[in-house]
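Peer 1: Can you read through this structure? Questions will come right after.
Take a look at the structure:
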């Protein structure tokens with residue numbers, strides 16, 4: 097079966113992140129996962145925690161509405177993989193940075 101040889105997987109632009117994570121957690125050789133422009137929602141912590149083979153992870157979430165909740169879910173989910181992850185990259189979109197700038201603007 098070809099799936100046993102997949103070591104790296106880039107995923108992007110999906111709103112079915114939890115379903116995809118549950119499926120790819122079954123790939124025994126998957127070590128590198130890139131989640132770009134994905135929706136992070138309730139259940140993400142549990143779904144990502146299933147991916148116990150991951151050693152490198154990149155997450156750039158879609159920050160449509162719930163910036164604080166999205167950041168909380170990402171942080172909690174990654175913490176669950178602290179025993180296996182060797183490298184973690186967390187990207188922020190320009191839209192999220194603009195929103196954060198408005199929140200923390202002193203002027």
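Residue numbers (the numbering used here): 97 to 203. Think of the CB as a built atom: it goes at the ideal place given N, C-alpha and C, for glycine as much as any other residue. If you're wondering where the values come from, they're calculated on a predicted model, not measured in any experiment.
(1) CB-CB under 7 Å to residue 136, same chain, minus the five flanking residues each way: which ones, in chain order?
(2) Given residue 148, which residues of its chain have a CB within under 7 Å of its CB, disregarding the five upstream and five downstream residues?
(3) Return the chain-ordered list of same chain residues with a C-beta closer than 8 Å to the C-beta of residue 126, the five sequence neighbours on each side being excluded.
(4) What three-state label does DSSP hand residue 151 in the structure shown?
(5) Assign residue 104 to one of three DSSP states: helix, strand, or coil.
Peer 2: To lay it out plainly:
(1) Here residue 136 is taken as the residue at index 40 of the chain shown, counted from 1. Excluding sequence neighbours, residue 136 sits near 113, 157, 166, 169 and 170.
(2) In the chain shown, residue 148 corresponds to position 52, counting from 1. If we look at residue 148 and ignore the five residues flanking it on each side, its Cβ neighbours are 180.
(3) Within the chain shown, residue 126 is the residue found at index 30, counting from 1. Cβ neighbours of residue 126 beyond the five flanking positions: 102, 103, 104, 105, 120, 147, 149 and 150.
(4) Locating residue 151 in the chain shown gives position 55, counting from the first residue. Three-state result, residue 151: coil.
(5) Locating residue 104 in the chain shown gives position 8, where the first residue counts as 1. In this structure, residue 104 counts as strand in the three-state DSSP scheme.
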